[in-house]
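Asks:
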Amino acid sequence: MKFAASRLEPVKPSASAWVSQAAKEAKARGEDVIDLGLGEPDFDTPPHIIAAAHQAALRGQTRYPPTNGTLEMRQAVVDKLVRENSLSYAVNEVIVSNGAKQVLFNAMMATLEQDDEVLMCAPYFGQYKDIVLILGGQAVALKCPAENGFRLSPEQLEAAITSKTRWIMLNLPSNPAGAVYTDDDLQALGAVLERHPDVLILSDEIYEHILFDGRTFRSFAAANPSFKDRTLTVNGVSKAYAMTGWRIGYGAGPKPLIAAMTKVQSQICSGACAIAQAAAAAALNGPQDAVRAFTKEFEARRDLVVDRVAQIDGLTLDPPGGAFYGLIGCAGLIGAETEAGETLEDDAAITGYILRDAGIAAVPGSAYELSPFFRISTAASTGVLNHAMDRIAASVAKLKRKT
Ligand SMILES: Cc1ncc(COP(=O)(O)O)c(C=O)c1O
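Going by numbering that gives the first Met the number 0, the residue at position 128 of the sequence shown is 127; the numbering climbs one at a time, nothing skipped.
#1: Assign Asn84 to one of three DSSP states: helix, strand, or coil.
#2: Can you give, in chain order, each stretch of the alpha helix (DSSP H) that sits fully within the region 353 to 399 and has at least 4 residues?
#3: Taking 7 Å as the limit between beta carbons, can you name the residues of its chain near Ile412, skipping five residues before and five after?
#4: For Asn105, verify whether its CB is less than 8 Å away from any heavy atom of ligand 1.
#5: Quick check: the Cα distance between Ala339 and Pro144, rounded to an integer number of angstroms?
#6: Would you call the region 47 to 63 and the region 192 to 200 in contact, with 3 or more CB pairs under 8 Å?
#7: On the three-state DSSP scale, how would you describe Lys142?
#8: Alpha carbon to alpha carbon, how far is Ile391 from Ala75?
#9: Do three or more CB pairs link the region 293 to 313 to the region 243 to 259 at distances below 8 Å?
#10: Between Asp346 and ligand 1, is the CB less than 8 Å from at least one heavy atom?
#11: Can you tell me whether Gln276 is buried or exposed? The criterion is at least 16 other CB atoms within 10 Å of its CB, across all chains shown.
#12: What does DSSP give as the partner residues of Asp203 in its beta bridges?
#13: Can you check which of these residues, Asp182, Thr243, Ile359, Tyr249, is closest to Glu204 by C-alpha distance?
#14: How close, in whole Å, do the beta carbons of Ile94 and Ala281 come, if the pair is a contact with beta carbons under 8 Å?
#15: Please name the residue in Ala22, Gln266, Ser5 whose C-alpha comes closest to that of Tyr352.
#16: Determine the DSSP secondary structure at Tyr123, reduced to helix, strand or coil.
#17: Using 8 Å as the Cβ pair cut-off and three pairs as the minimum, do the region 83 to 101 and the region 231 to 238 touch?
Shown next as structure tokens:
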């Protein structure tokens, strides 16, 4: 009996899911594994946000919410976009969904025709590709090398656009590389897109607050105001407020696009949890001290990991400008031989070795379509990260390198 529809066939099990499963199995066998594969803050949701959810439930906010989001939450998003991003939207140009993931899915489901192309900047968040494939589109990876700070260049963008291009997806700053774009970078991409009026822009800004070295954030639509009528700005509360489990994300864009996405959402889930929306509104409207404290801590961890990697021969890491990952270059270990006689041919093999030998779960760069790298998350205390780096250093030191 065949259960899975053929539209699921192009979606391969992800390397990150494989790593997380392998780490779980190793832990179940009693092995001492540190899981640095995870993409979620290790902090607790701030108490005033939890209190807002409690109050909303007690007030009876327990019925089906409006499909596109509660008015309170959509207004909180409108206010946030004005206050923090200098973007002006009406409440009917905003949708609230079950995480930014669902915003992305709704957008692709609402707009893609068979074989439409979606451009994405590799290394990219794996879901970008999979949703496009499930929906019959073509995911086009534009490789953004470390030498260019993992950023997309205007020349690459120009060369990639065809008559089938429907979207370009940007992620500011990016998972997994922490790539950051200046105003000039965003305007240079805008200058290319000016020549291609049928291409839509999706700007995933979920890591906007996790920016380092005193950088200030700029939304794509704020750097390119004339693109507001074809940009979907995506964001959410998961990363900034340590609210991954609450599943609230949002999108702001042209009214007809938001209406089409609402039609999709209506069929999938009738909207996002009303209680979680009350919590998310409190997160956006309330004090922002926790966001600043989380970012400070992520920056200290970034510094620690960069320092430690610099001391490991064979690994490289330029300081990421944002987000909470280290995408570590491991070109120096390709072809190295383990004590067991295995030759490490690629970053998947290197990640497997680090899991087996050092007990550290990381995700290979191949999962993000850029090799040879592996990603560790810095969503762990400095003590744990130091310990993890000790173990990685010891395992790398045991390898026999090609001369
Ligand atoms: C770049 C990026 N976009 C979107 C998401 C999804 O976030 P959410 O928890 O809001 O669904 C993630 C989660 O890892 C991410 O890394």
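Quick reminder that beta carbons are idealized off the backbone N, C-alpha and C, glycines included.
Replies: On the basis of the supplied data:
#1: For the purposes of this step, residue 84 is identified with residue 85 of the sequence shown, where counting begins at 1. Helix, per DSSP.
#2: 381 to 396
#3: Any question about residue 412 goes unanswered here, given that the chain covers just 0 to 402.
#4: Numbered from its first residue, the sequence shown carries residue 105 at position 106. Not under cutoff, so the answer is no.
#5: Residue 339 sits at position 340 when you count from the first residue of the sequence shown. Residue 144 sits at position 145 when you count from the first residue of the sequence shown. Each residue's Cα considered, the two are about 33 Å apart.
#6: no
#7: For the purposes of this step, residue 142 is taken as residue 143 along the sequence shown, with counting starting at 1. Looking at Lys142 - three-state DSSP - the assignment turns out to be strand.
#8: Taking the sequence shown and counting its residues from 1, the one referred to as residue 391 is at position 392. Taking the sequence shown and counting its residues from 1, the one referred to as residue 75 is at position 76. Computed Cα separation, rounded: 44 Å.
#9: no
#10: The residue you call residue 346 lines up with position 347 of the sequence shown. False, no ligand heavy atom lies under 8 Å from that Cβ.
#11: As a position in the sequence shown, residue 276 is number 277, starting the count at 1. Counting Cβ neighbours within 10 Å, Gln276 comes out buried, since at least 16 surround it.
#12: Residue 203 sits at position 204 when you count from the first residue of the sequence shown. The partner list for Asp203 (beta bridge, DSSP) reads Asn170, Val233.
#13: Here residue 204 is taken as the residue at index 205 of the sequence shown, counted from 1. When each option's Cα is compared against that of Glu204, the closest is Tyr249.
#14: Numbered from its first residue, the sequence shown carries residue 94 at position 95. Numbered from its first residue, the sequence shown carries residue 281 at position 282. The pair is not a contact, with the Cβ atoms about 19 Å apart (cut-off 8 Å).
#15: Taking the sequence shown and counting its residues from 1, the one referred to as residue 352 is at position 353. Checking every option, the nearest Cα to that of Tyr352 belongs to Ala22.
#16: Mapped onto the sequence shown, residue 123 falls at position 124. Reduced to three states, the DSSP call for Tyr123 is coil.
#17: yes
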